[in-house]
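Its first residue numbered 282, the sequence shown is counted upward by one per residue in my numbering.
Cβ coordinates follow ideal geometry from the N, Cα and C atoms, glycine included.
First comes the structure, then the notes that go with it.
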Amino acid sequence: MRLFRRSALASAALLIFGCSTQPAMFAPNARPVNFQGQSGPVSSKLIEYSGNFQPTFQNSFLSMRPLVQNGYTVLKVRYSNQQQINQLNEIGMDVWMVTPQHVLGQVNDEVFQRLQDSRLPFELISPERGISAANTFDPQYHTYDEMLQKLRSVTQRHSQIASLHDIGDTWEKTQGQANRDIWAVRLSGQGNPDQKPGILFLGNHHARELATVEIPLLLIDLLTENYGKDPEITRLMDSRDIWLVPMVNPDGHILAEQGQNWRKNTHVHGRHRGTDLNRNYSYQWGGGGASTSPASDTYRGEAPFSEPETQAVRNLLTSRRNLKVMMSYHSFSNLILWPWGYTTQRVPNAKLVEIGQKLGQMTGYRPQQAADLYVASGLTDDFTYGELGLYSYTTEIGSWGDGFDPPYSRVKDFWNENRDAALYLIDMAGQL
Ligand SMILES: [Zn+2]
Numbered sequence: 282m283r284l285f286r287r288s289a290l291a292s293a294a295l296l297i298f299g300c301s302t303q304p305a306m307f308a309p310n311a312r313p314v315n316f317q318g319q320s321g322p323v324s325s326k327l328i329e330y331s332g333n334f335q336p337t338f339q340n341s342f343l344s345m346r347p348l349v350q351n352g353y354t355v356l357k358v359r360y361s362n363q364q365q366i367n368q369l370n371e372i373g374m375d376v377w378m379v380t381p382q383h384v385l386g387q388v389n390d391e392v393f394q395r396l397q398d399s400r401l402p403f404e405l406i407s408p409e410r411g412i413s414a415a416n417t418f419d420p421q422y423h424t425y426d427e428m429l430q431k432l433r434s435v436t437q438r439h440s441q442i443a444s445l446h447d448i449g450d451t452w453e454k455t456q457g458q459a460n461r462d463i464w465a466v467r468l469s470g471q472g473n474p475d476q477k478p479g480i481l482f483l484g485n486h487h488a489r490e491l492a493t494v495e496i497p498l499l500l501i502d503l504l505t506e507n508y509g510k511d512p513e514i515t516r517l518m519d520s521r522d523i524w525l526v527p528m529v530n531p532d533g534h535i536l537a538e539q540g541q542n543w544r545k546n547t548h549v550h551g552r553h554r555g556t557d558l559n560r561n562y563s564y565q566w567g568g569g570g571a572s573t574s575p576a577s578d579t580y581r582g583e584a585p586f587s588e589p590e591t592q593a594v595r596n597l598l599t600s601r602r603n604l605k606v607m608m609s610y611h612s613f614s615n616l617i618l619w620p621w622g623y624t625t626q627r628v629p630n631a632k633l634v635e636i637g638q639k640l641g642q643m644t645g646y647r648p649q650q651a652a653d654l655y656v657a658s659g660l661t662d663d664f665t666y667g668e669l670g671l672y673s674y675t676t677e678i679g680s681w682g683d684g685f686d687p688p689y690s691r692v693k694d695f696w697n698e699n700r701d702a703a704l705y706l707i708d709m710a711g712q713l
């Protein structure tokens, strides 16, 4: 029994948000299901919502998924200036999308209270407070263990051109609670890779953004399987040093694998858990659009690079000074973003913008400066551009209908959208 289907709602969403592809749809108020067709609870703690809920365009995201009492509320806040969007980030709203008049996203119970105190006008998209979509994990997505197995086998099979590197421990490993590492694959053909211009691809800073693991994995397959066969791939591999970290946040990913709505790592801060790894980098850390509260989904951490995961990425970058370009994959919104994120001030670098526009054309996603979506600080690309001088980009994969956890069948569409852009960026690394 497969419960997702297409409907008119998806088309409405596409028109309004300008999304390039058709999302899969789920039956409203269906039982939680996994994608191999067995019905069952996504998490034993969640109770299915049985109230009346009329699907409309605004709640199309929710109408596609099973609704559960998970303590989260999806809502839209009307704003009249950029400062109010920043304020929403700071009080800890998990911002999913910004339209010309509204910010759409999700809040937990504590942030709901703070939102009420802020007096910003908002409307529920959820049918009630504390009811939101169940997160799902299509078993065709790679788990942490499956990813590691795959990386081991690819690098063994292609040992002349591929190597596997443990670049650091996760937070849970530093606490003796688990044995997970952050893994990087290095790909390069003939010649000394240290002397070639390099590029770094990152996936899954945010645990629940499932497709962001798959795109780097598919890129690894494309480059290794076609080396020596496809002249263009062979040229890129022989002339570039290509690094990929498909899963920056393995601890968080384990929770996403269990169907939890999990964004941060799992660092315990008193009675709360998790630091937002994409608010923890040092460049302009502590500025706007990041929360000082561990209860928030955008908690910046105790200090810049307080987290072992961001330290691992930093250490890789600072030990590889041949790296010229960085691409970090996130979900969702069909966007290509470039620095700055911490300020709406423009970067004095026309080439950075030109490449970003080109990536927009190639993916069909909307290209823009990150801060034009909303101001946020402690970002990966502000660090890699501001501190290290890399040409730095973020891709937000998927539409409003896809959310963070679309069925795996959507990955082939995402790959079609992102493959040529990734190859273009690899090529550009040698031209900067
Ligand atoms: Zn993200």
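Residue i in three-state terms, based on DSSP
i           : result
residue 379 : strand
residue 534 : helix
residue 672 : strand
residue 520 : helix
residue 312 : Its pLDDT being 36, under 50, residue 312 is placed unreliably in this model, and the value from its coordinates should be taken loosely. Three-state DSSP puts residue 312 in coil, outside helix and strand.
residue 354 : strand
residue 406 : coil
residue 584 : coil
residue 709 : helix
residue 660 : coil
residue 648 : strand
residue 387 : strand
residue 346 : coil
residue 526 : strand
residue 560 : helix
C-alpha gap between residue i and residue j, whole angstroms
i           : j           : result
residue 516 : residue 440 : 18 Å
residue 486 : residue 400 : 32 Å
residue 345 : residue 414 : 8 Å
residue 404 : residue 358 : 6 Å
residue 464 : residue 512 : 28 Å
residue 407 : residue 356 : 7 Å
residue 589 : residue 689 : 29 Å
residue 545 : residue 660 : 13 Å
residue 644 : residue 423 : 23 Å
residue 567 : residue 581 : 7 Å
residue 509 : residue 603 : 24 Å
residue 468 : residue 389 : 41 Å
residue 700 : residue 500 : 7 Å
residue 443 : residue 522 : 10 Å
residue 696 : residue 398 : 42 Å
residue 638 : residue 459 : 42 Å
residue 324 : residue 534 : Residue confidence for residue 324 is low, a pLDDT of 42 falling below 50, so the modelled location carries little weight; the figure read from the coordinates is stated next. Near 15 Å, if we compare the C-alpha coordinates of residue 534 and residue 324.
Assigned exposure category for residue i - 16 Cβ within 10 Å defines buried
i           : result
residue 556 : buried
residue 332 : exposed
residue 369 : buried
residue 362 : exposed
residue 703 : buried
residue 473 : exposed
residue 596 : exposed
residue 537 : buried
residue 599 : exposed
Interface flag, residue i vs chain C, CB-CB below 7 Å
i           : result
residue 357 : Chain labels in this structure do not include chain C; a single protein chain is all it has.
Query raised in the report: Hey, which unbroken runs of the alpha helix (DSSP H) at 4 residues or more fall wholly within the segment 474-499?
Result: Look at the segment 474-499 and you find no whole run of alpha helix (DSSP H) that is 4 residues long or longer.
Query - Complete runs of the beta strand (DSSP E) confined to the segment 565-627 [at least 3 residues] - result: The segment 565-627 contains these whole beta strand (DSSP E) runs: 604-612 and 616-619.
Query raised in the report: Which runs of the beta strand (DSSP E) spanning at least 3 residues fall entirely within the segment 394-465, listed in chain order?
Result: Listed in chain order, the complete beta strand (DSSP E) runs (minimum 3 residues) inside the segment 394-465 are 403-405, 412-414 and 443-450.
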